[in-house]
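Accompanying notes for the structure given below.
Chains as they are written, first to last, in the UniProt record's numbering: chain A, 1 to 449; chain B, 1 to 449.
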């Protein structure tokens, strides 16, 4: 089994089927899983998507729209459907998914959808729309299986079966008191295994991990990953059970956070959509490039101060670009390792000190190795051993600075509360460029001219 | 609730308790969850860890060792324990966790541990040790709940309760025929809800996702994420059920893959341990730096060819570093967005073409904007409008090349089967450096001198 990848054959089959009648199209659709149709949807025009949704059973149509990527804009598809089909689909959807999709629409469209659907569903979705989408509240599903702590085995099982009618899957059963205050969790296994007269009270596990609705989704992901949880309950300040977050929602959060990390470390705004248009990409990247241009002028102004050196030894301007560039590479390596360490766990003072010292040593050794190569080139190719010495010292010095700043800048930023991934690379490049230009030029001006 | 972060207070409490007697230490340990103790272990010496493990119940000690990070080397702790305690712990461990830990030891130590434990457990672990740790087989747990398709409701429930005695949690029940061939899945809910005389045969879902034991773990993660699965069964070529992979194992895979992606894109070997020593870091990074040095010489050789231009217009050597640097930044942005898109889904030819065209446009617009700023500086600061024109053209040209290469190189590498993250950044930097040096020097030599 391979993960499904869109392939021209599949797309061609669907497109050919779209030219035929409904019965033929339905035959072809039967061969695809809902999440596969969701992927194929990224390549189809709006009319085709609407026609396919109308042909699918409500169950499958709901799964398809639920599985669509946020960037494929399921809300546009939903609002384009005829109201009756749309209502069936929204009523079938998990509350958290429906909320995510509906939240992308303007107030008027939201209103229209919510007025048509079952009023109990509408109330739940309206409540979820109030939470920030990056928090536990925005992530949670309010459909949970929950039993009163005073029930006995038989009553609890009946209750679980009744509540699970509307849910596809459940993992954990939540136990609440008469005021809906969360008291603990119990597994279906423990209930089945219990003696006939056992009370839920005696089966409940009261030591469990929960989150408040306001907690940031990244923190929720850390908890789920750290405690190996399948679901986590969400409560309000009075410990009233509001809903649950399941691990599959967290996987989507982790993928989004990963994308953010890689974009931020590369100087792209974390909000840029990967498949967005060029205007948005310019808006997301130009500000960062202009800041970089400013720091590049700063580094270049160092070169201007050594005008005479450059005129008298033009070859130094070729070498200094090499030394500055190698500093940038070394710093990027130290930065990536340090940023990743920070994002996986917090470092104690001692660990932070050790990290910086390690990167300094790595910079020294890598600097000396690369310095020797540059020395050899200057010695044999330029026949200028003194230039070789200058370059060896400059390379070693710059790579020490690179290791030092690559490790210490993100650690410092983290301590003062700035996201290390977003601000580090511009600061360290400025350092390695400035030192990378200054060292060879200054040493050459002292030792060679 | 916050995710647990080591804080000096916790560490100090444990360290103080370690100076007291066993009873006091036990009191303090009671307040920590097993996964919290696992994190504290990263800061404690071997003797302290062994003493703590000996004081904990087998259940908690097992959880602590199971939760330890790979880089904290749980295998060293395990092999240091006295054989009786060690045997209890290994027997209590999930097979997949035990296999991961034991696989880090040398053959002799592996042998010693496996000889002491229950022979059924040892056979299962030995079987798992044969799978590559990056595949479905290496990730799977061989403990599954599985029932024969010919059982009825009552028999199936008894069987599930019997098998679940040894498992903490289970989600999906696998259904096999008399030859252990996987026929489908059934949920505990469906079994409980079924009529008394119902057969498993009538309840089984035969449309399910499974993987072969050899499948790469990244593909397993994609499937679990795409189909929103909690577990996935692992089978051999004859569809015989070998085990299952649960979503919490996949979260660890995703974190590891994520670390790899960030390291590779920054020129660090994917195998470098984040908290490894400096010697290993040098080994992991020096080769990449030396290759970069080679390409830097290539770019610098362009500057050598314009010796006369540099001598006559020393200020150009300051400006060309700016233009080359801005090209590098622009290409890195395009690269990050493209690499991330590729790793999340495969692009069709049309999408690939659109991506390259979009990045070309973004490069053009960002190049013209930054080019205008550089023009203004040359015009007002250097009082040299012609130099300004040269720099404007060079900046725009280099940023077009940067967008073009940043998007197309990873796409090309992907098509020819090379990991885009690892090879792209060195190739695009070479391009943007070469063009970034050549354009201003060549234009200056033609238009200014």
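C-beta: ideal position from N, C-alpha, C; glycine also.
Check whether the Cβ atoms of residue i and residue j lie closer than 8 Å to each other.
{"i": "residue 443 of chain A", "j": "residue 313 of chain A", "result": "no"}
{"i": "residue 374 of chain A", "j": "residue 310 of chain B", "result": "no"}
{"i": "residue 430 of chain A", "j": "residue 330 of chain A", "result": "no"}
{"i": "residue 192 of chain B", "j": "residue 173 of chain B", "result": "no"}
{"i": "residue 401 of chain A", "j": "residue 327 of chain A", "result": "yes"}
{"i": "residue 278 of chain A", "j": "residue 362 of chain B", "result": "yes"}
{"i": "residue 322 of chain B", "j": "residue 297 of chain A", "result": "yes"}
{"i": "residue 399 of chain A", "j": "residue 354 of chain A", "result": "no"}
{"i": "residue 67 of chain A", "j": "residue 104 of chain A", "result": "no"}
{"i": "residue 44 of chain A", "j": "residue 135 of chain A", "result": "no"}
{"i": "residue 338 of chain A", "j": "residue 407 of chain A", "result": "yes"}
{"i": "residue 176 of chain B", "j": "residue 160 of chain B", "result": "no"}
{"i": "residue 262 of chain B", "j": "residue 428 of chain A", "result": "no"}
{"i": "residue 404 of chain A", "j": "residue 356 of chain A", "result": "yes"}
{"i": "residue 267 of chain B", "j": "residue 57 of chain B", "result": "no"}
{"i": "residue 86 of chain A", "j": "residue 113 of chain A", "result": "yes"}
Does any residue of chain A have a CB that is nearer than 8 Å to the CB of residue i?
{"i": "residue 304 of chain B", "result": "yes"}
{"i": "residue 380 of chain B", "result": "no"}
{"i": "residue 365 of chain B", "result": "yes"}
{"i": "residue 12 of chain B", "result": "no"}
{"i": "residue 15 of chain B", "result": "no"}
{"i": "residue 197 of chain B", "result": "no"}
{"i": "residue 132 of chain B", "result": "no"}
{"i": "residue 326 of chain B", "result": "yes"}
{"i": "residue 353 of chain B", "result": "no"}
{"i": "residue 282 of chain B", "result": "yes"}
Going by DSSP in three states, residue i sits in which element: helix, strand or coil?
{"i": "residue 410 of chain A", "result": "helix"}
{"i": "residue 105 of chain A", "result": "coil"}
{"i": "residue 117 of chain A", "result": "coil"}
{"i": "residue 212 of chain B", "result": "strand"}
{"i": "residue 205 of chain A", "result": "strand"}
{"i": "residue 54 of chain A", "result": "helix"}
{"i": "residue 396 of chain A", "result": "helix"}
{"i": "residue 148 of chain A", "result": "strand"}
{"i": "residue 429 of chain A", "result": "helix"}
{"i": "residue 1 of chain B", "result": "For residue 1 of chain B, the predicted model reports a pLDDT of 45, less than 50, meaning its position is unreliable and no value from the coordinates is stated."}
{"i": "residue 230 of chain A", "result": "coil"}
{"i": "residue 191 of chain B", "result": "helix"}
{"i": "residue 418 of chain A", "result": "coil"}
{"i": "residue 49 of chain A", "result": "helix"}
Got a sec? Which residues, its chain only, sit under 6 Å from residue i by beta carbon, not counting five neighbours each side?
{"i": "residue 119 of chain A", "result": "none"}
{"i": "residue 64 of chain A", "result": "34, 37 and 38"}
{"i": "residue 433 of chain B", "result": "299 and 324"}
{"i": "residue 260 of chain A", "result": "270"}
{"i": "residue 149 of chain A", "result": "175, 177, 183, 200 and 201"}
Answer with yes or no whether the minimum CB distance from residue i to chain B is below 8 Å.
{"i": "residue 265 of chain A", "result": "yes"}
{"i": "residue 442 of chain A", "result": "no"}
{"i": "residue 262 of chain A", "result": "yes"}
{"i": "residue 293 of chain A", "result": "yes"}
{"i": "residue 434 of chain A", "result": "no"}
{"i": "residue 59 of chain A", "result": "no"}
{"i": "residue 100 of chain A", "result": "no"}
{"i": "residue 333 of chain A", "result": "yes"}
{"i": "residue 255 of chain A", "result": "yes"}
Go through its chain and collect everything with a Cβ distance to residue i's Cβ below 7 Å, but skip five positions before and after it.
{"i": "residue 80 of chain B", "result": "46 and 50"}
{"i": "residue 245 of chain A", "result": "136, 139, 140, 220, 231, 232 and 234"}
Leaving aside the five residues before and after residue i along the sequence, list all residues of the same chain whose C-beta is less than 8 Å from its C-beta, in chain order.
{"i": "residue 445 of chain B", "result": "306, 308 and 309"}
{"i": "residue 271 of chain B", "result": "284"}
{"i": "residue 352 of chain A", "result": "411"}
Opposite residue i in the DSSP bridges: which residues?
{"i": "residue 285 of chain B", "result": "Paired residue(s): none; residue 285 of chain B is not in a bridge."}
{"i": "residue 186 of chain B", "result": "B:173"}
{"i": "residue 241 of chain A", "result": "A:235"}
{"i": "residue 405 of chain A", "result": "None; residue 405 of chain A has no bridge partner."}
{"i": "residue 141 of chain B", "result": "B:244"}
{"i": "residue 135 of chain B", "result": "B:216"}
{"i": "residue 181 of chain A", "result": "A:240"}
Give a single yes or no on whether residue i has its beta carbon closer than 7 Å to a heavy atom of the ligand SAH.
{"i": "residue 260 of chain B", "result": "This structure lacks the ligand SAH, and indeed carries no ligand of any kind."}
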